[in-house]
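Quick notes on the structure that follows.
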Amino acid sequence: MLRDFAQHMLRFLRAQIQTRNWTLILSALLVGVYLTCCVHHYVANFGLSRNALTGLLVAATAIISIVLVLRSKLERFRSRQQAFLAVHGLFAAWTISVAWIDQPLWWFIGQFEWTQLQSPVALIAVATISLSVPLALAATLPIVCVPNGATVSPASTRATYFAWLSAGVGLAVLLLAPAIGIEVTRITGALCGIGIFFVVALRSSEASKSTQQHSEPATAQLTRFSAIAIYATLFAGGVAISLTNRITEQFLPASEWAYGTIIASMMFGYGMAWMWVWKEASQHEAWRAASWTLSCWSAAIALGFGLLLQVSLLLNAYVSQVWLLVVGRALLIAALATPVGFAIGRAGRSIRVWSIPLIVCGGTLADRWYLLQTIGVTWTLLGISWLAVAFIVSTQIQARSWPIGSRKLQGAWVFALLAITVGPFFVDGYQPSRAAKVLFDTNAFAAFRTGSEMWKLPFYDEGRCLQTVEGTRGTYSLWSYRGSQLQVRESGIPKSLLSRNPDLSPQFAAELTHAIVPLALHQSPRKVLILGATGGVQVASCLASPVPEIACVESDPALIDICKQTLSQHAYWSGYSQSQLEFVCLDPSLAVGAKRQRFDIIIDSPEHSSRIHSSPSFTKEYYQRVSRTLNEDGLYCQQFAFVDVGATTMSEILATLTTAFGQVAAVETAPGTILFLATNSDQGFERQNLLARLQAAHVRSILATAGWDWSTLLNLPTCEQFHIAQVLERKSPTVNSTSNGRLAFRMPVDVMRWGAKREEVHQMLANNSTRLLQWAGDVGTNQYIQNRLKEQRSKQRLVTVYPDEHWRYRATIKDQLKKRPKTVIQHVNHEPAKRKRHPEDERRMNYLKALGNASNPKPKLEELQAVAEFQHPYDPLISYFLHGEVAHIAAHTKPQPIKFELTHRLYKVYFSSSSDRSVRNLVAALKLLAKNPDVLADETERFDHMNALLQMLLIRWNNRRAIAPSSSQIVLQDLEQSISATELALESMSELHASTGLSDKDWEARESIMEKRLLRPLRTHRGRILPEHLKRSGKKKSHTLIQGRKDYALP
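Numbering (our numbering) for the sequence shown: 205 to 1255.
Right, dumping it as structure tokens:
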């Protein structure tokens, strides 16, 4: 089969050269460029949600089918050259003026409510209006573009047209759009079309050679069974189109150039099928070949997913040149998509051409709306394979024409059938969770670069996949981290990180501040709009705040369900009213353009910058619609992860924001994460009573779940309007719009680029940043605020300098109370004002008293609980450190409150700084979990906590490398305790791993990694220190301290 394909391909290329049909070739190239520009314009405006995709497919199918039905009338057109000229003229005119229809279309969208736009009907009308002309012209062109001086057939023309049409699409998305921009590409294509128009017009008066065109051969009379088989094959081909998009997303971000490459590859396969089928003697053989192609394709995906994964990882790990990486990924996409287009073309040979797009579109929409969410990718692939094999076998039985030949050939047939139908059950098969962990995780990437085995890569940290959900926009995988944290990944890319139990593990600060910063800046927010559900942290923060009306707009119903699932674990979830929170299944780009009331705050969480779904979220037109949706003093807050992009991309986003808003600012909330704040209010961002709002009870409570004090927000690096103007003046960036599509095509390329991108952005903003404290005005300079910030720094210093001395903070508190006491003035009627101890100092004194009461030889649980109550409200000198105190006292209480002690030890481990070097509390927590099976009711939770603690122990010992230990005896004690705790934990986890769903092979991988990276180095370290310690201490002075020995650092 492959040899026949190669022979037909060579004949086709030879025929292309001999006929010199440059008019058709150049026209197909230009149509590819035209269609790319027009489809991009649609996506950049309305997104690519399920409704938007449905509108696009339905409109395209209807228009193309109508043109193909009218094909006979077009073929009888008297002057095809005039028709050809008209097509090119209209194409060029439409391509140039495509941006002019935006305003009428958005006026049309603005007439609908949110509930009305949740149906795809409106978008079908929009897609029909915006794409009807280019799609109709594209379908007409191969009919009227008959080559001169050659004998041609409709199949040959179709093959040539689709082959070069795919080249045009590929040229536009891979080269022209990233290099010169989609707007210049569109204008260049229109100018070339005008050039072809004039060249053909000048030659139209010359005598031309007669053209002999074969008529389309009559479709053979098919039996009912054959007709059903062909229609089912085409329907399966439509399902395969949708599956190709979903499978491709597991290997690389679904950017606009990736989607364009998929479409181009399918077009090329479709054209090659028409080039081949014209040679077929039997139309029945064509659809049988299509069935074989689909069955082999689906089985190959299921069987070869691991190989594709390895190829993708090799490209990511070792190809640093962007152009070479793009070529490699494009070839990978072509290998996945071309067979699908080829199968559709082969099956379509046996029926009328106009029915092909109808059936294929039906299959694609069926997969998007039903099959993906109900039976998933794996079973859909197997269903395609089994259906194709069943039709092939049934046809052979009916025809009584089994393959003849040698026994080897018959054995090959049997082996192929078994491999296709049974083989996928005996391999790992399609595993999107493994792809997410291997291709989009830094630890796995670094391990692969250092020579780790492929099958061990998903287990280089504690992440464990809990669930995989197929959504309408991507594949969502939920991962357990730090025992109680939940990470949400969309098609491999991390989307959100949240805590399922904030009493044990912290919320991700960047997620919290995304909501808290605008909520604190606005004086009295009444209506909040959340664009993008992520994992639900923003929704939870708004629910915990006094906001009467909250609307969350998300285009994927699967993500809404995930958000509700995570929110249901919070106490306040059951108390919210339906009037307070509303979930709307709608694309955010449509939500801000629909007829709707205005909002005080808009919290925007766009898709990852390299995905096609984020195309509308960074355009000038989108920001202008958002600006019109805000109230007079409203605030817009958009989160952006700049860790993957450079300074140029960042400056272009800032420049685009300034075109829609009067004032723009940028706040860095976490390493690699920034908040874009924008408003049209005359107040700007420096609003009255900011400090009072930051100290409100609900704000302090929300920030405490991340281990933050309210004053921590004041220290966030901030770039204000004046500084942004300086940056833009220096960089002179281009404004991104739906017309030029600059970021849609260049941002994915920037993401692929290797380089120190964070440093680029920091260098750009280095001399133009202040702190959020500046927005507090003169109040921010008072002594109370400065002392509070000093206390924050003291906390960090205590954690870093005294890692295993949980009592050291007491001296800081006492020093604060004695040397820098805080007082408040109390006014009493008819008496002079008196100074009174500040409530904060009073509370700290009460804490020390409660701690003293609990620190007796026989402490009671009630006394420990009294100490633990001082955790709230958050105090930087108490809230974190009291957990170490309580856990230490609880360990000596009789009877020992094991669960109570474990809770406080886990808090101290998970809420600590990333540079923490303490191991004793961590080791104690590990031993509690390993020795007490009943300490946690859920065995899975117990396994996850032990797994997370082992990972933290590895990090803590790595942190100790940079510090020379003060005592060899203390280091040996820590080593002994760490080794014994690790051995106990691994032994317990070995018994528990089956209950978590981990296979024996997966646990073997994780266990071997921990032995290699943690247990073995600790034992080696102990063996290196122990002889030196015994030698120096001697028999009588075993307690001798060896000061400042770098020999005792972990190897």
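All C-beta atoms, glycine included, are put in the ideal place defined by N, C-alpha and C.
Close beta carbons around residue i, own chain, < 7 Å, minus the five adjacent residues each side
i, result
"V291", "L341, T344, L345, V348"
"S1122", "P1007, D1008, R1160"
"Q930", "N972"
Collapsed DSSP secondary structure at residue i in the structure displayed
i, result
"P457", "coil"
"C396", "helix"
"N835", "strand"
"C669", "strand"
"T319", "helix"
"Y1114", "helix"
"F880", "strand"
"C923", "strand"
"E890", "coil"
"T361", "helix"
"S1269", "Past the boundaries of the shown model lies residue 1269; the chain is included only from 205 to 1255, so the question cannot be answered."
"L1188", "helix"
"Q1173", "helix"
Sequence-distant residues of its chain with Cβ nearer than 6 Å to residue i (five each side left out)
i, result
"I860", "Sequence inspection shows Thr at residue 860; the Ile mentioned does not correspond to that position. Only K824, V939, N940 meet the Cβ criterion."
"T157", "Lying outside 205 to 1255, the shown extent of the chain, residue 157 is not represented and no answer is given."
"A326", "F316"
"S253", "S759, D791"
"A1054", "A1070, V1071"
"T877", "A714, A845"
"A980", "L894, L895"
"A534", "T465"
Residue environment, residue i, which counts as buried when at least 16 other CB atoms sit within 10 Å
i, result
"F1074", "buried"
"L511", "exposed"
"A1015", "exposed"
"Q742", "buried"
"T703", "According to the sequence as given, residue 703 is Ser; it is not Thr. By the neighbour-count rule (16 or more Cβ atoms within 10 Å), S703 is buried."
"Q867", "buried"
"Q454", "buried"
"I697", "buried"
"V273", "exposed"
"E811", "buried"
"W461", "buried"
"S1119", "exposed"
"N183", "The structure shown does not extend to residue 183, since the chain is modelled only from 205 through 1255, so no value can be given for it."
"D1138", "exposed"
"R568", "First, the residue type needs correcting, since residue 568 is Thr and not Arg in the sequence shown. By the 10 Å Cβ count, T568 comes out buried."
"G441", "buried"
"Y1317", "Outside the displayed range of the chain (205 to 1255) lies residue 1317, so it cannot be described from this structure."
"R829", "buried"
"V403", "exposed"
"T299", "buried"
"N986", "exposed"
"K641", "buried"
"F429", "exposed"
Per DSSP, cross-strand counterpart(s) of residue i
i, result
"P698", "R693"
"V788", "V757"
"K660", "Bridge partners of K660: none, in fact."
"W683", "C669, Q691"
"I734", "C756, I807"
"E674", "T679"
"S703", "Q689"
Other residues of its chain near residue i: CB distance less than 8 Å, five sequence neighbours each side excluded
i, result
"K1235", "none"
"F439", "I563, V564, G566, G567, A570"
Neighbour flag for residue i against chain D, beta carbons, 8 Å
i, result
"R668", "The structure shown contains no chain D; it is built from a single protein chain."
Check: residue i C-beta below 7 Å from any heavy atom of the ligand ZN
i, result
"I270", "The ligand ZN is not among the ligands present in this structure, which contains no ligands whatsoever."
> Which full runs of the alpha helix (DSSP H) of 4+ residues lie inside the stretch 801 to 873, going along the chain?
Replying inline: 824 to 833, 851 to 862
> In the stretch 963 to 1025, which residue ranges form an unbroken alpha helix (DSSP H) of at least 4 residues, counting only runs that do not cross its ends?
Replying inline: 987 to 1005, 1013 to 1023
> Which ranges does the beta strand (DSSP E) cover as unbroken runs of at least 3 residues, wholly within the stretch 1064 to 1121, from first to last along the chain?
Replying inline: none
> Where are the alpha helix (DSSP H) runs, 4 residues long or more, that stay fully inside the stretch 524 to 605, in chain order?
Replying inline: 526 to 551, 559 to 570, 580 to 603
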